[in-house]
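Comments concern the structure below.
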Amino acid sequence: MNHYETVFILNPVLSEEQIKETVQKYEDFLVSKGAKMVSKEDWGLKKLAYPIQNKKSGFYHLFEYQVTGEVIDLLEVEFRRDERFMRYLTVALDKHAVSWAERRRVKLKAKA
């Protein structure tokens, strides 16, 4: 199983409940495909660097998980089918990126 990180931007016109429902749907999707969720972060509403679909802001979320590579293709197909997603990016993490992500999580917990 490889280590992946997915950042996605949800449409800003969604309600708080719709956002939670969408995030939970895709977390459940990953878990049902055998993924082990490492971390999940809600970065909140952020201004975009450039307009996407005539929107100037979006709700950012980050998933960090371990799963086989075939599941990534299935996840991205689901993202493309869902109109609530404005953008997404999935990257495979190497050992250095995994350790950096862990240090970042520890630092965030210390702040909270």
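Residue 107 in the UniProt record's numbering sits at position 107 of the sequence shown, and the numbers go up by one each step. Glycine included, C-beta positions come from ideal geometry on N, C-alpha and C. None of these values were measured; they are calculated from a predicted model.
Local Cβ density within 10 Å of Ala112, reported as buried at 16 or more and exposed below that: Counting Cβ neighbours within 10 Å, Ala112 comes out exposed, since fewer than 16 surround it.
Beta strand (DSSP E) segment containing Glu41, residue limits: It spans Lys36 to Ile52 - the beta strand (DSSP E) in which Glu41 sits, taken as one unbroken run.
8 Å contact criterion, which Ala92 and Tyr26 should meet: CB distance rounded: Ala92 to Tyr26, Cβ: 18 Å. No contact.
Segment contact flag, the segment 34-44 with the segment 52-69, C-beta cutoff 8 Å, min 3 pairs: Flag = yes, the segment 34-44 and the segment 52-69 touch.
Residue from Phe79, Arg87, Phe59 and Lys109 with nearest C-alpha to Leu45: Shortest Cα-Cα distance from Leu45 to any of Phe79, Arg87, Phe59 and Lys109 involves Phe59.
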